[in-house]
Amino acid sequence: MSQKAGSPRLPDAGDDGERPVLELNRFLPYQLNHLAETVSRSFSKIYAEKYGIGIPEWRVIAMLGERGAMTARDISVATSMHKTKVSRAVAALENRDFVIRVKNPEDMREQTLRLTATGTSVYEDLIPKALAYSNELQSALTSEQRLLLNDVFERLHEAVKQRDET
Numbered sequence: 017m018s019q020k021a022g023s024p025r026l027p028d029a030g031d032d033g034e035r036p037v038l039e040l041n042r043f044l045p046y047q048l049n050h051l052a053e054t055v056s057r058s059f060s061k062i063y064a065e066k067y068g069i070g071i072p073e074w075r076v077i078a079m080l081g082e083r084g085a086m087t088a089r090d091i092s093v094a095t096s097m098h099k100t101k102v103s104r105a106v107a108a109l110e111n112r113d114f115v116i117r118v119k120n121p122e123d124m125r126e127q128t129l130r131l132t133a134t135g136t137s138v139y140e141d142l143i144p145k146a147l148a149y150s151n152e153l154q155s156a157l158t159s160e161q162r163l164l165l166n167d168v169f170e171r172l173h174e175a176v177k178q179r180d181e182t
């Protein structure tokens, strides 16, 4: 079998040398992402059927409900969602009359997003459910484990920040 130039050489069955193997299920970035996706999908069952919104739309509603008004760019940064995903979520929420765009009179290119009365009603209905869901998950942990988990999250955020600054 010929080997393409530049491609890594994998050992043959007869090689004595060991090669590093990544066990994806034990790879921290994968574990964190998989857990986050699993939790997000589980929580989405609470709002998807009743309001017909997906995870990105929920995150936009949650951010606007928390902060009152934001630009799509600010939502993208705050939620770590790609700007295209935020834009699509905003358009879907606008079509459902959950969100309204307000132009900045000083810069007509900039638009601030706000929840409409309908969007605020959805937010207010979902927040107790979101808090109950979060509490239910946290109840699987002791109070010491919850404190430790918060510490772990802070340390991992700081480690990533420091790594990316170098």
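Going by this note's numbering, the sequence shown opens with residue 17, and the numbers climb by one from there. Quick reminder that beta carbons are idealized off the backbone N, C-alpha and C, glycines included. All figures in this text were calculated on a predicted structure; none of them were measured in a lab.
Nearest-angstrom Cα separation, counted from residue j out to residue i
i	j	result
L147	A156	15 Å
M187	R42	Any answer about residue 187 is impossible in this case: the structure gives the chain only from 17 up to 182.
R83	V176	26 Å
I77	P36	44 Å
N151	Q161	14 Å
A133	A107	17 Å
CA nearest to the CA of residue i, picked from the options
i	options	result
L165	L40, L48, E39, L38	L48
K145	P45, D90, K66, Y46	K66
H173	P45, E34, L38	P45
D141	K99, Y63, T54	Y63
CB of residue i within 8 Å of CB of residue j, strictly
i	j	result
V115	Q127	no
Y139	L131	yes
A105	E73	yes
R75	M97	yes
DSSP three-state assignment for residue i, whether helix, strand or coil
i	result
A12	Here the chain covers residues 17 to 182 and nothing more, so residue 12 does not appear.
Contact with chain D by residue i, beta-carbon distance below 8 Å
i	result
Y46	Annotation note: the requested chain D is absent from the structure, which comprises a single protein chain.
(Q) So within the region 87-153, which uninterrupted alpha helix (DSSP H) runs reach at least 4 residues, ignoring any that extend past its ends? (A) Correct list: 88-95, 99-111.
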